[in-house]
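Here the structure is laid out as structure tokens; the discussion comes afterwards.
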Amino acid sequence: MSKAAVVSKLKELKLSTEGNCDVLKKRLKNYYKKKKLTSANLFTASKLSPYYVIVDFEATCQETNVPDYQHEIIEFPAVLVSTELQQVIDHFQAYCRPVLNSTLSGFCKELTGITQEDVDTADTFPQVVKDFEAWLTKHKLGSKHKFTVVTDGPWDMGRFLYGQCKISGLPYPKFAKKWINIRKAFSNFYKCRRFSLKMMLEHLELDFEGRPHCGLDDARNIARVLLRMISDGASIQVNERIHLLALEAKSKVGKPECVVVPVTASNPYNTANKMQQKRRQRDHQTTVFSDSDEDST
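Heads up, the sequence shown is in my numbering, so the first residue is 1012 and it goes up one at a time.
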């Protein structure tokens, strides 16, 4: 079925025509699948969270980060999505004053658009976390209403938040122990490789709105991807969790203090090792291919 034919059918059914051919075919297929199951009284509504909180931290950085560089969160943004309304209903944003790297590098300022004044006049991370938790309480999230955190990859929680909590002497927050990695969910639903945020938007034929690497703008665009997936019939579930290994690490030299693993992993550390081995193999293959390409030119 050609893209033109799919678009024509989607228009007839009053469904969105945004997205590349694979996305459009998936949208149409899900429509007919739902219709068939409904007519047979077999349709079960997707187990979606009533609310999603999209988080995309920005952190201190250098153009070339040394291995032991400690990133500190300098922007804490969050976007609240209502599944029932299928729209963004509120947002939270606060800058954080770093304590280890109090002066932002020129690279960091240019990348994020965050100024030295923004962080100099901001609260430190512990106060910002309190403000964020007060924002969650205001919306009765975690009490009256269930919610799920959404991120663009594993790094926000597994690297930035975990590292910042260590620097600030705070316990790792309960709300961030499980989340949805939107890259994994997108790849699994649309049957494509894992894309960056920019590429996911392009796959859906959507333009990035705002400034890339502004945490709040990134979170808003992640929300747009999430809402399109919900509209297309995706059942979006928690797919990653953090496993804290601090106590184990004390007696096992060289082991990390936490790992990010799929929610189904029974042995988190072994799973993390396997994931790292696969990543190293992919990196090696990429290097080999790159060298071959250079030799052939």
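Don't be surprised by glycine CBs; every beta carbon is placed ideally from N, CA and C.
Whose CA, out of the options, lies closest to the CA of residue i?
i	options	result
Lys1014	Asn1031, Leu1026, Thr1135	Asn1031
Thr1114	Val1064, Gln1127, Gly1244, Phe1136	Gln1127
Pro1137	Ile1085, Ile1065, Gly1226, Leu1122	Ile1085
Pro1223	Asp1163, Val1099, Lys1036, Asn1192	Asp1163
Lys1209	Arg1235, Pro1088, Trp1190	Arg1235
Ile1312	Lys1047, Val1272, Trp1190	This structure cannot speak to residue 1312, because the chain is shown only from 1012 to 1308.
Buried or exposed for residue i, going by 16 or more other Cβ atoms inside 10 Å?
i	result
Lys1025	exposed
Leu1258	For Leu1258, the predicted structure reports a pLDDT of 43, less than 50, and the residue's modelled location is therefore unreliable. The matter cannot be settled from this model.
Asp1033	exposed
Phe1118	exposed
Thr1275	exposed
His1156	exposed
Asp1142	exposed
Leu1212	buried
Glu1074	exposed
Lys1058	exposed
Would you list the residues sitting across from residue i in a DSSP beta bridge?
i	result
Tyr1106	Glu1086
Tyr1062	Ser1093
Glu1251	Trp1190, Pro1273
Ala956	Only positions 1012 to 1308 of the chain appear in this structure, which leaves residue 956 out of reach.
Gln1309	With the chain covering 1012 to 1308 only, the question about residue 1309 has no answer from this structure.
Leu1152	His1156
Asp1134	Cys1107
By the DSSP assignment, the beta strand (DSSP E) with residue i in it spans what residues?
i	result
Cys1269	1269-1273
Val1160	1159-1162
By the DSSP assignment, the alpha helix (DSSP H) with residue i in it spans what residues?
i	result
Arg1239	1226-1242
Thr1049	1032-1050
Met1168	Element bounds for Met1168: n/a, residue is neither H nor E.
Tyr1173	1173-1179
Thr1349	Outside the shown range of the chain (1012 to 1308) lies residue 1349, about which nothing can therefore be said.
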